[in-house]
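Student: The structure that follows is given in the form of structure tokens.
Protein chains: 2
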Amino acid sequence: MDRLPLLLDRVTNLLREDLREVATNHGLKLVQLDALRYLCTANRFSDTLTALVAWLGATKGSVSQTVKALERKGLVTRVRDDGDGRVVHLRPTAEGRALAAAASPAPALEGAPTDASTADALDGLLRALLAARGGVAFGVCRTCRFHEARAGGRHCGLLDVPLGEAQADRVCVEHAAQ
Amino acid sequence: MDRLPLLLDRVTNLLREDLREVATNHGLKLVQLDALRYLCTANRFSDTLTALVAWLGATKGSVSQTVKALERKGLVTRVRDDGDGRVVHLRPTAEGRALAAAASPAPALEGAPTDASTADALDGLLRALLAARGGVAFGVCRTCRFHEARAGGRHCGLLDVPLGEAQADRVCVEHAAQ
DNA sequence: GGCTGATGGTTTCGACTCAAAACTATATGG
DNA sequence: CCATATAGTTTTGAGTCGAAACCATCAGCC
């Protein structure tokens, strides 16, 4: 009895349904809210179009349009990089940040279980998903969105594991290249 | 440290990215594949437009368009109900079933953990999500998509719990009304 | 029977998404 | 300096999305 795909399907749908409603309540499409939320947590390495493309899993042409829509709504501004003339940083405006803050987390998750076992299970699932896509090398850990330089040493904020100083420059399986 | 929303976001995105690729490989949009997969598991109560709308979480106008696209591609046919002249049953064609079978489960889930604890965690999550939406009464259990009349008694196939004979006519929290 | 309302679907509209492909501009490496 | 890679934009055509208007059919009720 393999309930996993079924459960995952259902959870995903409910979550998206919920977020979609939040988005439309704020006059946005779901993808636009997704993008805005990501950009609000992105640092100077991960606030580019390419990173957003990787995160959302769509094509760059498509994402470029979405960003244009966000810009038109005054939620995001484009800032050319000083060093590299090709890259453009996508900075949420104050209004954009306010909207993202108001729109997350998903209301449906308010009462969600906060116990460690649930997170652990998702952890395992995430690792499996990443492994299934061939453990694609997508970026150096030190430049990853989830890389944290803590007091006790470097840390991966997504998988919640400590990292040796040496690993910080290794390629990271998680592709939220930053 | 609340990693749950973050993990859920990531898992959802990866899963969708994966499914989207599968869909485009078969010349479909992601939503179309979602709809087709649902219809392939639906019985005579749940193969209607309204049920599909509830499952996908979009508006009926939108879903009607999607179904039209599937019909145009020869993957689904419309069949008027005998008893109720208003309802239309959406039956996947042989070709539609073949495509859905070839396209699922998501390749990324192939190597996913099959242990019970992962499923249990998702189970809890699903219950929380359903509770958060106010435990909406969406249909009588007996007419639910996941209702099963087993040898040992009635059974809910989604939450994997046995049901008393009396409960079968109670309102079900899960809204996949069938 | 006939009226009223609810239910199941379809259609139309405008804004937007999507993938693919062509394109521009800026790096980087021999 | 030239070839190639990288970052991003634009265009095009099919399709999604929500909203609102619309058309049937059914169910309750007097």
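Protein sequence lines, in the order shown, are assigned to chains B and L.
Count along the first sequence from 1, then add 1; that gives the number in the numbering used here.
Count along the second sequence from 1, then add 1; that gives the number in the numbering used here.
For each residue, glycine too, the CB sits at the ideal point set by N, CA and C.
Fair warning: this is a prediction, and the values are worked out from it, not measured in the lab.
Helix, strand or coil for B/V80, going by three-state DSSP, please let me know.
Tutor: Here B/V80 sits in strand by DSSP.
Student: Name the chain L residues that come within less than 7 Å of B/D124, Cβ to Cβ?
Tutor: The answer, in chain order, is L8.
Student: Looking at the secondary structure, which residues open and close the alpha helix (DSSP H) in which L/V68 lies?
Tutor: Its alpha helix (DSSP H) spans residues K61 to R73.
Student: Do we get a CB-CB distance below 8 Å when we pair L/T13 with the residues of chain B?
Tutor: Cβ-Cβ to chain B under 8 Å: yes for L/T13.
Student: Going along chain B, which residues have a C-beta under 8 Å from L/R17?
Tutor: Correct list: T13 and G58.
Student: Mind checking who B/V32 pairs with in its DSSP beta bridge?
Tutor: DSSP output for B/V32 lists no bridge partner at all.
Student: Can you have a look at L/T49 and say buried or exposed, based on whether 16 or more other CB atoms are within 10 angstroms of its CB?
Tutor: Looking at its Cβ environment, which holds 16 or more other Cβ atoms inside 10 Å, L/T49 is buried.
Student: For a contact defined as C-beta to C-beta under 9 Å, what are the partners of L/R98 on chain B?
Tutor: Near L/R98 there are no residues of chain B at all, since even the closest Cβ is about 17 Å away, more than 9 Å.
Student: May I ask you to report which of helix, strand or coil DSSP gives B/R17?
Tutor: In the structure shown, B/R17 sits in a helix (DSSP, three-state: H, G or I).
Student: Is L/R73 close to chain B? Criterion is C-beta to C-beta, closer than 8 Å.
Tutor: For L/R73, the answer is no, since every Cβ of chain B falls outside 8 Å of its Cβ.
Student: Whole angstroms are fine: how far does the CA of L/C41 sit from the CA of L/R81?
Tutor: Those two C-alpha atoms are separated by around 18 Å.
Student: List the whole-angstrom C-beta distance separating L/L100 from L/H27, where the pair is believed to meet the contact cut-off of C-beta under 8 Å.
Tutor: That belief holds up - the Cβ atoms of L/L100 and L/H27 are roughly 6 Å apart, short of 8 Å.
Student: Starting from L/V88, trace the beta strand (DSSP E) in both directions and tell me its first and last residue.
Tutor: No beta strand (DSSP E) holds L/V88; DSSP gives it neither H nor E.
Student: Do the region 53-67 of chain L and the region 31-40 of chain L meet, that is, are 3 or more Cβ pairs less than 8 Å apart?
Tutor: Touching, yes, given that three or more Cβ pairs across the two stretches are closer than 8 Å.
Student: How far does the alpha helix (DSSP H) with L/T51 in it reach, from first residue to last?
Tutor: L50 to L57 is the extent of the alpha helix (DSSP H) around L/T51.
Student: Taking the alpha-carbon positions, what's the B/A103 to L/T60 distance?
Tutor: Roughly 24 Å between the two C-alpha positions.
Student: Can you list, in chain order, the residues of its chain with a C-beta nearer than 7 Å to that of L/T67? Leave out the 5 residues immediately preceding and following it.
Tutor: So the qualifying residues of the chain are V32, Q33 and A36.
Student: Whole angstroms is fine: what's the gap from B/L8's alpha carbon to L/L71's?
Tutor: Cα to Cα, the separation comes out at about 25 Å.
Student: If you run the structure through DSSP and keep just helix, strand and coil, what is B/R38?
Tutor: Three-state result, B/R38: helix.
Student: Tell me the rounded alpha-carbon separation between L/K69 and L/L76.
Tutor: Those two C-alpha atoms are separated by around 10 Å.
Student: With a Cβ-Cβ cutoff of 8 Å, do L/A43 and B/T119 count as a contact?
Tutor: No.
Student: Going by DSSP, what residue range makes up the alpha helix (DSSP H) through L/A43?
Tutor: Note, L/A43: premise wrong, no alpha helix (DSSP H); not H, not E.
Student: When we look at the beta-carbon of L/R17 and count the other beta-carbons within 10 Å, is it buried (16 or more) or exposed?
Tutor: Buried is the call here.
Student: Using a Cβ-Cβ cut-off of less than 8 Å, list which residues of the region 67-92 of chain L approach chain B; keep chain order.
Tutor: From the region 67-92 of chain L, no residue has a Cβ closer than 8 Å to chain B.
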